[in-house]
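Here the UniProt record's numbering is used: the first residue of the sequence shown is 1, the next is one more, and so on. Everything on this sheet refers to the single structure shown next.
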Amino acid sequence: MNTLIFSSSEDLSQAAHILRAGGLVAVPTETVYGLAANAFDSQAVTHIFKAKGRPNDNPLIIHIASLHMLEDLVTEISPVAKQLIDAFWPGPLTLIFKASPKVPKAVTCGLDTVAIRFPSHPVIKELIKASGLPLAAPSANTSGKPSPTNARRVIEDLEGKIEAIIDGGECEVGLESTVVDTTCLPPTILRPGGITLEMLKEILPDVTVDPAILNSLKINELPKAPGMKYTHYSPNAEVIIIEGELNKVIPRMQHLCLEAQKAGKRVGILATDETKALFKADVILSVGTMSQLSTIAAHLFETLRHFDDEKVDIIYSLSFPKSGMGGAIMNRLEKSAGHHIIKV
Ligand code: TXA
Ligand code: MG
Numbered sequence: 001m002n003t004l005i006f007s008s009s010e011d012l013s014q015a016a017h018i019l020r021a022g023g024l025v026a027v028p029t030e031t032v033y034g035l036a037a038n039a040f041d042s043q044a045v046t047h048i049f050k051a052k053g054r055p056n057d058n059p060l061i062i063h064i065a066s067l068h069m070l071e072d073l074v075t076e077i078s079p080v081a082k083q084l085i086d087a088f089w090p091g092p093l094t095l096i097f098k099a100s101p102k103v104p105k106a107v108t109c110g111l112d113t114v115a116i117r118f119p120s121h122p123v124i125k126e127l128i129k130a131s132g133l134p135l136a137a138p139s140a141n142t143s144g145k146p147s148p149t150n151a152r153r154v155i156e157d158l159e160g161k162i163e164a165i166i167d168g169g170e171c172e173v174g175l176e177s178t179v180v181d182t183t184c185l186p187p188t189i190l191r192p193g194g195i196t197l198e199m200l201k202e203i204l205p206d207v208t209v210d211p212a213i214l215n216s217l218k219i220n221e222l223p224k225a226p227g228m229k230y231t232h233y234s235p236n237a238e239v240i241i242i243e244g245e246l247n248k249v250i251p252r253m254q255h256l257c258l259e260a261q262k263a264g265k266r267v268g269i270l271a272t273d274e275t276k277a278l279f280k281a282d283v284i285l286s287v288g289t290m291s292q293l294s295t296i297a298a299h300l301f302e303t304l305r306h307f308d309d310e311k312v313d314i315i316y317s318l319s320f321p322k323s324g325m326g327g328a329i330m331n332r333l334e335k336s337a338g339h340h341i342i343k344v
């Protein structure tokens, strides 16, 4: 298949036409790029799973561009959901609702709930409006790889497998949306993301976190967001996180690096602007500045993919505080490391 590449400044009517005809279009959002199809077209939705190599028990998020669209997709909007919508939509927050019977099983993978997000990015909003369709869209990567935060990475994974890609530059948040289940009490965070726990607590003080996220090492807890159980966000290289006080972490990382090099490995170090100059390794990349965790969130996936471009065998990574955006950053980083963490 010949994949068309559009610029986001072009007229989106051709991309909208592709969606109405059952095709797939990758589109920028404020979190990561999404791979979109008409949410009401089961066959088009099935093609998403095929293009990504996505397991067929992992449901998709439906993207809307008006609250009017929501009414067609859900049977109930609870008071909790209403509060979150008022506070955070449009934006990087996905809410779980009881699904309307109109939502195809291909989207929900047979669950009686559906995930909905009203994104803030102008390009996906315009595409939803131009097509007149709610869009089912997972992240636009090959399943298991870090989500793409620019069009180049979408092209790398999906060119030739989908009808079109809209290039809208870099994504601002860089990590996927927060997923909150509003069908239960207390409302529960199923995936940490762009809207932090602290921000949610300001609106809903009793919001809780799915225990499967907190105790991610205990495999007897099955996460309620099916996608959270898969190995994810993994570059080809092995990732190992070194956790502890920086004055102990840095020499330990440097030592591990030298040992691995002696064993014939090409070693990468995931550092920060503040620590980059302190290391010697084959490839040293700064993921952002410690003084602003949002910069680390924005560059994490791209940095992991950059290590693969550099063909390193192993990546030693700093760890980050788990408050604010750090919650989502460490959730993704720990998954990319398969929870391989060395505490010093
Ligand atoms: O920021 C984002 O959310 C991006 C952009 C493109 O919007 N999308 C994204 O989609 O990250 P995806 O498919 O990669 O992740 C969707 C997550 C998965 O963990 C999935 O299991 C969960 O949402 N999910 C979807 N429907 C669900 C449901 N009914 N109940 C519980 N979890 C659900
Ligand atoms: Mg994904």
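Built from N, CA and C at the ideal position, the CB exists for glycine as well.
Q.
With distance defined between alpha-carbon atoms, name the residue in 301, 22, 294 nearest to residue 285.
A. As a working mapping, residue 285 is identified with position 285 in the sequence shown. Among 301, 22, 294, the Cα nearest to that of residue 285 belongs to 301.
Q | Three-way DSSP call (helix, strand, coil) for residue 94 in this model | A | Your numbering for residue 94 matches position 94 in the sequence shown. Of the three classes helix, strand and coil, the one that applies to residue 94 here is strand, per DSSP.
(Q) In the DSSP output, what is residue 167 paired with across the bridge? (A) The sequence position of residue 167 within the sequence shown is 167, counting from 1. Answer is 7, bridged to residue 167.
Q. Taking one C-beta from the segment 232 to 241 and one from the segment 334 to 344 each time, how about it: are there three or more such pairs within less than 8 Å?
A. yes
Q: Starting from residue 247, follow the alpha helix (DSSP H) in both directions and report where the run begins and ends.
A: Taking the sequence shown and counting its residues from 1, one reaches residue 247 at position 247. Segment 246 to 262, the alpha helix (DSSP H) holding residue 247.
Q | Straight-line Cα distance separating residue 17 from residue 319 | A | As a position in the sequence shown, residue 319 is number 319, starting the count at 1. As a position in the sequence shown, residue 17 is number 17, starting the count at 1. So the alpha carbons of these two residues sit roughly 45 Å apart.
(Q) For the segment 20 to 40 against the segment 131 to 146, do three or more pairs of beta-carbon atoms, one drawn from each stretch, fall closer than 8 Å, so that the two count as touching? (A) yes
Q. In this structure, does DSSP put residue 123 in helix, strand or coil?
A. Along the sequence shown, one-based indexing puts residue 123 at 123. Here residue 123 sits in helix by DSSP.
Q) Less than 8 Å separating the beta-carbons of residue 344 and residue 249? A) By one-based count along the sequence shown, residue 344 stands at place 344. By one-based count along the sequence shown, residue 249 stands at place 249. Yes. Within cutoff.
Q.
Quick check: is any heavy atom of the ligand TXA less than 7 Å from the C-beta of residue 113?
A. Indexing the sequence shown from 1 puts residue 113 at position 113. Yes, since a heavy atom of the ligand TXA falls inside the 7 Å radius drawn around the Cβ of residue 113.
Q: Give the secondary structure of residue 136 by DSSP, where H, G and I count as helix, E and B as strand, and everything else as coil.
A: Looking up residue 136 in the sequence shown gives position 136. Strand, per DSSP.
Q. Who are the Cβ neighbours of residue 150 in its own chain at under 6 Å, not counting the five residues just before and after it?
A. On the sequence shown, position 150 is the one that residue 150 refers to. Closer than 6 Å at the Cβ level, and outside the excluded window around residue 150, lie 170.
Q. Is the beta carbon of residue 98 sitting closer than 8 Å to the one on residue 72?
A. Position 98 of the sequence shown, counted from the first residue, corresponds to residue 98. Position 72 of the sequence shown, counted from the first residue, corresponds to residue 72. Cβ atoms of residue 98 and residue 72: not closer than 8 Å.
Q) To which residues of the same chain is residue 224 closer than 8 Å at the C-beta, ignoring the five residues directly before and after it? A) Position 224 of the sequence shown, counted from the start, is the residue given in the question as residue 224. Contacts found: 181, 188, 190, 210, 212.
**Q.** CB-CB length for residue 124 against residue 28, believed under 8 Å
**A.** Numbered from its first residue, the sequence shown carries residue 124 at position 124. Numbered from its first residue, the sequence shown carries residue 28 at position 28. Confirmed, Cβ separation roughly 7 Å.
Q. For the candidate residues 291, 278, 273, 168, whose alpha-carbon lies nearest to that of residue 32?
A. For this step, residue 32 is matched to residue 32 along the sequence shown. Answer by Cα proximity: 168.
Q.
Give me, in chain order, the residues of the same chain whose beta-carbon lies closer than 8 Å to that of residue 178; leave out the 5 immediate sequence neighbours on both sides.
A. Position 178 of the sequence shown, counting from 1, holds the residue named residue 178. 92, 93, 94, 189, 191, 192, 193, 194, 195, 196, 200, 328.
(Q) Do residue 270 and residue 314 have their beta-carbon atoms positioned less than 8 Å apart in this structure? (A) The residue you call residue 314 lines up with position 314 of the sequence shown. The residue you call residue 270 lines up with position 270 of the sequence shown. No, these two residues do not count as a Cβ contact at 8 Å.
Q | Straight-line gap, residue 69 to residue 105 (C-alpha atoms, nearest Å) | A | In the sequence shown, the residue the question calls residue 69 occupies position 69. In the sequence shown, the residue the question calls residue 105 occupies position 105. Those two C-alpha atoms are separated by around 18 Å.
(Q) Taking the beta carbon of residue 219 as the centre, do at least 16 other beta carbons fall within 10 Å, making it buried, or is it exposed? (A) As a working mapping, residue 219 is identified with position 219 in the sequence shown. In this prediction, residue 219 scores a pLDDT of 49, lower than 50, which makes its location untrustworthy; no coordinate-derived value is stated.
Q) Who are the Cβ neighbours of residue 303 in its own chain at under 7 Å, not counting the five residues just before and after it? A) In the sequence shown, residue 303 corresponds to position 303, counting from 1. Contacts found: 270, 285, 287.
Q) So what does DSSP say about residue 191, is it helix, strand or coil? A) Looking up residue 191 in the sequence shown gives position 191. It is a strand residue.
(Q) Taking the beta carbon of residue 272 as the centre, do at least 16 other beta carbons fall within 10 Å, making it buried, or is it exposed? (A) Here residue 272 corresponds to residue number 272 of the sequence shown, with the count starting at 1. Under this definition residue 272 is a buried residue.
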